[in-house]
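A.B. asks: Quick one: the structure is below, questions incoming.
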Amino acid sequence: MQLYIPQCPKCLSRLERNGETLTCSDCGEIYTIDKNIILFLNSITLPEEFKSSQNFFNNLAEAYDNSIVSIVESMGCKWRSYTEALEKMINKTNNRVILDIGCGTGFPAVSFLPKSVTYLGLDFSHEMLKYARNIISQDINATFFNINAENIPLENDSIDVCMSLFSLNSFREPERIVEKVSHLVRRKGSVIISIPVAGEKRQNSDINRPIREEALDAIFFPLVHANWEVSYFQCGSVRIYNFIKT
Ligand SMILES: C[S@@+](CC[C@H](N)C(=O)[O-])C[C@H]1O[C@@H](n2cnc3c(N)ncnc32)[C@H](O)[C@@H]1O
Numbered sequence: 433m434q435l436y437i438p439q440c441p442k443c444l445s446r447l448e449r450n451g452e453t454l455t456c457s458d459c460g461e462i463y464t465i466d467k468n469i470i471l472f473l474n475s476i477t478l479p480e481e482f483k484s485s486q487n488f489f490n491n492l493a494e495a496y497d498n499s500i501v502s503i504v505e506s507m508g509c510k511w512r513s514y515t516e517a518l519e520k521m522i523n524k525t526n527n528r529v530i531l532d533i534g535c536g537t538g539f540p541a542v543s544f545l546p547k548s549v550t551y552l553g554l555d556f557s558h559e560m561l562k563y564a565r566n567i568i569s570q571d572i573n574a575t576f577f578n579i580n581a582e583n584i585p586l587e588n589d590s591i592d593v594c595m596s597l598f599s600l601n602s603f604r605e606p607e608r609i610v611e612k613v614s615h616l617v618r619r620k621g622s623v624i625i626s627i628p629v630a631g632e633k634r635q636n637s638d639i640n641r642p643i644r645e646e647a648l649d650a651i652f653f654p655l656v657h658a659n660w661e662v663s664y665f666q667c668g669s670v671r672i673y674n675f676i677k678t
């Protein structure tokens, strides 16, 4: 696998690889690489307010894949319908460089990726990323960023497909991340987002906190306002959005 070298998250300058480290050509910060996972969070302190959520996902990593299946089904959406819809959307895209924000263990998305794409999985939980790295096919060029989603170290217009599956609802300020994504994705590129939408029964865990319909309008404002094409597939109270940059 070939490592995708991002920018320095501190000063957005070029990073140079020296063996199992990346060094910033400007600020001199050094980031270590653990077999395709760039450990940005060893050098950049995660703000205190994110730590309990990071711990929650670190502790859940081993049981995550079973949990997400149960959660989707508990929202009135058959796992098979959910994954078929996702697979169809991913396969319709112009997918050369794919960024997956809050990729977790990579399940289920990485099993749908076409061969020979460049996949960038981003997550603040190193434990979740270790599973993702182990299941991804050798045919895919994968690089994982262990970093906060509020600090994506990539240039504008560098991504063809950006996914965020069951993750936007666990971010503290999802609207800021969507704003950043609107710049990262190239023209004709896509954004695929799956999200639980609030029904009558509200739950409050980091993993299945649903988002209210009114809040979605504010979160997606940067895309809708800039005339991205939007469509969605509804399955129980899970929604999968597909935005295309025109
Ligand atoms: C519910 S899981 C979703 C995993 C996977 N995308 C899926 O489809 O099931 C949410 C993921 O987002 C990550 N996450 C939550 N907040 C984050 C943040 N601020 N920065 C980076 N990752 C974050 C968690 O560690 C977790 O792996």
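If you count by this note's numbering, then the sequence shown holds residues 433 to 678, one letter each, in order.
For glycine and all other residues, C-beta sits at the position ideal for the given N, C-alpha and C.
Predicted, not measured: the structure shown is a model, and the values here were computed from it.
Compare the beta carbon distance of P585 and P479 with 7 Å and say whether it is the shorter of the two.
C.D. replies: As a position in the sequence shown, residue 585 is number 153, starting the count at 1. As a position in the sequence shown, residue 479 is number 47, starting the count at 1. No; because the gap between Cβ atoms is not below 7 Å, this pair is not in contact.
A.B. asks: On the criterion of 16 or more Cβ atoms from any shown chain inside 10 Å, does A658 qualify as buried, or is it exposed?
C.D. replies: Along the sequence shown, read from residue 1 onward, the residue named residue 658 stands at position 226. With fewer than 16 Cβ atoms within 10 Å of its Cβ, A658 is classed as exposed.
A.B. asks: Distance, Cα to Cα, A581 vs P606?
C.D. replies: Position 149 of the sequence shown, counted from the start, is the residue given in the question as residue 581. Position 174 of the sequence shown, counted from the start, is the residue given in the question as residue 606. Rounded to whole angstroms, A581 to P606 spans 9 Å at the Cα level.
A.B. asks: So, are the CB atoms of V542 and I568 less than 7 Å apart?
C.D. replies: On the sequence shown, position 110 is the one that residue 542 refers to. On the sequence shown, position 136 is the one that residue 568 refers to. Against a cut-off of 7 Å, the Cβ pair of I568 and V542 comes out as a contact.
A.B. asks: By the DSSP assignment, the beta strand (DSSP E) with I584 in it spans what residues?
C.D. replies: Within the sequence shown, numbered from 1, the residue matching residue 584 stands at position 152. Per DSSP, I584 lies in no beta strand (DSSP E) segment and is marked neither H nor E.
A.B. asks: Please name the residue, chosen from D589, I462, F603, W511, that lies closest to F489 on a Cα-to-Cα basis.
C.D. replies: Against the sequence shown, residue 489 aligns to sequence position 57. The candidate whose alpha carbon is nearest that of F489 is F603.
A.B. asks: Can you name the start and end residues of the alpha helix (DSSP H) that I449 belongs to?
C.D. replies: Residue mapping note: residue 449 aligns to position 17 of the sequence shown, counting from 1. Reading off the sequence shown, one finds Arg at residue 449, where the question assumed Ile. Careful: R449 lies outside any alpha helix (DSSP H), inside the beta strand (DSSP E) at 447-450.
A.B. asks: With H, G and I counted as helix, E and B as strand and the rest as coil, what does DSSP make of F675?
C.D. replies: Numbered from its first residue, the sequence shown carries residue 675 at position 243. Of the three classes helix, strand and coil, the one that applies to F675 here is strand, per DSSP.
A.B. asks: Please classify P606: does DSSP put it in a helix, a strand, or coil?
C.D. replies: Translated into positions along the sequence shown, residue 606 becomes position 174. DSSP, reduced to helix, strand and coil, places P606 within a helical segment of the structure shown.
A.B. asks: When you compare each of F576, L554, E448, R644 to I609 by their alpha carbons, which one comes out closest?
C.D. replies: Here residue 609 refers to the residue found at position 177 when the sequence shown is read from its first residue. The shortest C-alpha separation from I609 is found at L554.
A.B. asks: Provide the residue(s) that pair with I625 in DSSP beta bridges, ordered along the chain.
C.D. replies: Within the sequence shown, the letter at position 193 stands for residue 625. Answer by DSSP bridge pairing, in chain order: S596, Y673.
A.B. asks: Do you know how far the Cα of D592 is from the Cα of N526?
C.D. replies: In the sequence shown, counting from the first residue as 1, residue 526 sits at position 94. In the sequence shown, counting from the first residue as 1, residue 592 sits at position 160. So the alpha carbons of these two residues sit roughly 6 Å apart.
A.B. asks: With hydrogens ignored, establish whether the beta-carbon of S543 is closer than 6 Å to any heavy atom of ligand 1.
C.D. replies: In the sequence shown, residue 543 corresponds to position 111, counting from 1. No, the Cβ of S543 stays beyond 6 Å of every heavy atom of ligand 1.
A.B. asks: Find out if the Cβ-Cβ distance for the pair P628, S663 is shorter than 7 Å.
C.D. replies: Taking the first residue of the sequence shown as position 1, residue 628 is located at position 196. Taking the first residue of the sequence shown as position 1, residue 663 is located at position 231. Taking 7 Å as the Cβ cut-off, P628 and S663 do not qualify as a contacting pair.
A.B. asks: List the endpoints of the continuous beta strand (DSSP E) containing Y664.
C.D. replies: As a working note, residue 664 is residue 232 in the sequence shown. Residues 661-667.
A.B. asks: Are the beta-carbon atoms of I625 and S596 separated by less than 7 Å?
C.D. replies: Translated into positions along the sequence shown, residue 625 becomes position 193. Translated into positions along the sequence shown, residue 596 becomes position 164. In this structure, S596 lies closer than 7 Å to I625 by Cβ.
A.B. asks: Less than 6 Å between C-beta atoms, sequence neighbours within five positions excluded: which residues of the same chain meet that for R446?
C.D. replies: Mapped onto the sequence shown, residue 446 falls at position 14. Answer for R446: S457, listed in chain order.
A.B. asks: With distances taken Cα to Cα, identify the nearest neighbour of K483 among D466, G534, V501, S557.
C.D. replies: Start at 1 with the first residue of the sequence shown, and residue 483 comes out as number 51. Ranking the options by Cα distance to K483, first place goes to S557.
A.B. asks: Please confirm whether K547 and D532 have their CB atoms less than 7 Å apart.
C.D. replies: Position 115 of the sequence shown holds residue 547. Position 100 of the sequence shown holds residue 532. Contact check for K547 against D532 fails: the beta carbons are separated by 7 Å or more.
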